[in-house]
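Please read the structure below before turning to the comments.
In our numbering, the protein residues as written are 36 to 414.
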């Protein structure tokens, strides 16, 4: 997300070639115009995608990828999981002609560039690469394919005795069990963790949070603070924005399980389910607290115009008590300029009207710091 900003600031040069795989920055990023401008300057942009999306018009070449149901892959564990884990993704159906897994493409590029991406990779497929990685894990003797829940004490007792939950005399047995269970893990690491130190599992934001809380600032005079007094809340003082009028709200986009990344907009079935809880289908809506709706003379289903410094959206309003009075919640996932015949030009994308403000802890774009103004649209 920060690449166009870094290039504009001269901190990184524009590349001669850019590969984009399974991501849609022109739709998913708050700095969408910066992405369009940057992609337009790069001589060769190659996109790998299963479907055409908002980034595709800015690519010189679009290469089709198989879906996750058509290829081998390994899925990594969340960074805060306190033990090692790998998920094994297996093809359920053969891919359509012409689609090649991204791993196969990278292995082929490595071969032509004289780079051995893994021992003996010359001429092998990505599926063989996945199997080779699991052979390395098998040879290490660590962990096991997934198994049913047991106590940590039992695992620790097995580890002390040099035993494992499953036994497999050869890799073929290990591989068969791995495919049956769907992944590998090593929960035996868990009892060995020193939870007093917890250094291994700190969230990346914790050091930054500690630094911010240690910084001091002078409170505002209207708060009655003594001149020269100091407080460790500078990040709250400068980072939190509050609505300042009857028509002012803090815009908070949210994701739904049906369309968390926006890719599901191309599927009619998911479009039917996208607004299932709101009974609003094939569209984007805004959720507002009843008190604020009454003050603005709004009723369920009324059309409103949501305006920020970046743009505007035209949405129907849902009046619900589950949102805070100062918040206007809008689901993310619709509003594509390109997403096939079923998802194109349907609804609105709340990310497109977000101000490009960085979260002080993570450095990522903040989804919760854009103030908007709401106007009722008269029918």
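From the three backbone atoms N, C-alpha and C, an ideal C-beta is built for every residue, glycine too.
CB-CB length for residue i against residue j, believed under 8 Å
i, j, result
"residue 56", "residue 137", "5 Å"
"residue 291", "residue 382", "Incorrect: roughly 12 Å between the Cβ atoms, too far for contact."
"residue 65", "residue 371", "The pair is not a contact, with the Cβ atoms about 16 Å apart (cut-off 8 Å)."
"residue 85", "residue 100", "5 Å"
"residue 288", "residue 412", "Wrong, their Cβ atoms sit about 21 Å apart, outside the cutoff."
"residue 324", "residue 278", "12 Å between Cβ atoms; not a contact."
Beta-carbon proximity of residue i to residue j, cut-off 8 Å
i, j, result
"residue 316", "residue 307", "yes"
"residue 286", "residue 407", "yes"
"residue 59", "residue 95", "no"
"residue 358", "residue 337", "no"
"residue 167", "residue 220", "no"
Cα-Cα separation between residue i and residue j, rounded to whole angstroms
i, j, result
"residue 332", "residue 313", "21 Å"
"residue 46", "residue 40", "9 Å"
"residue 405", "residue 283", "10 Å"
"residue 281", "residue 125", "53 Å"
"residue 293", "residue 301", "12 Å"
"residue 228", "residue 203", "Model confidence at residue 228 stands at a pLDDT of 47, short of 50, so the residue's coordinates are unreliable; what they give is reported in the following sentence. Going from the Cα of residue 228 to the Cα of residue 203 covers about 27 Å."
"residue 210", "residue 118", "21 Å"
"residue 319", "residue 363", "13 Å"
"residue 121", "residue 373", "34 Å"
"residue 191", "residue 115", "21 Å"
"residue 244", "residue 134", "Residue confidence is low: residue 244 scores 49 on pLDDT, short of 50, so the model does not pin down where it sits. Its coordinate-derived value is still stated next. Near 45 Å, if we compare the C-alpha coordinates of residue 134 and residue 244."
"residue 53", "residue 102", "22 Å"
"residue 62", "residue 380", "12 Å"
"residue 350", "residue 330", "18 Å"
"residue 146", "residue 72", "33 Å"
"residue 127", "residue 112", "22 Å"
Proximity winner among the options, relative to residue i (alpha-carbon distances)
i, options, result
"residue 144", "158, 110, 133 and 131", "158"
"residue 188", "181, 180, 310 and 200", "200"
"residue 162", "123, 205 and 388", "123"
"residue 344", "304, 329 and 388", "388"
"residue 297", "134, 90 and 165", "90"
"residue 403", "414, 377 and 366", "366"
"residue 75", "42, 98 and 309", "42"
"residue 207", "147, 169, 398 and 175", "169"
"residue 36", "398, 384 and 324", "398"
"residue 97", "80, 378, 180 and 146", "80"
Unbroken beta strand (DSSP E) run spanning residue i, endpoints
i, result
"residue 347", "347-354"
"residue 109", "108-111"
"residue 284", "283-289"
"residue 362", "362-366"
"residue 340", "338-342"
For residue i, the first and last residue of its enclosing alpha helix (DSSP H)
i, result
"residue 60", "60-63"
"residue 124", "Looking at the DSSP string, residue 124 is not in any alpha helix (DSSP H); the run it does join, the beta strand (DSSP E), is 119-124."
"residue 221", "Note, residue 221: premise wrong, no alpha helix (DSSP H); beta strand (DSSP E) at 218-221."
"residue 68", "67-76"
"residue 170", "161-175"
"residue 408", "Per DSSP, residue 408 belongs to no alpha helix (DSSP H); it is in the beta strand (DSSP E), 405-411."
8 Å Cβ cutoff, residue i in contact with chain B
i, result
"residue 129", "The chain labelled as chain B is not found in the depicted structure, where only one protein chain is given."
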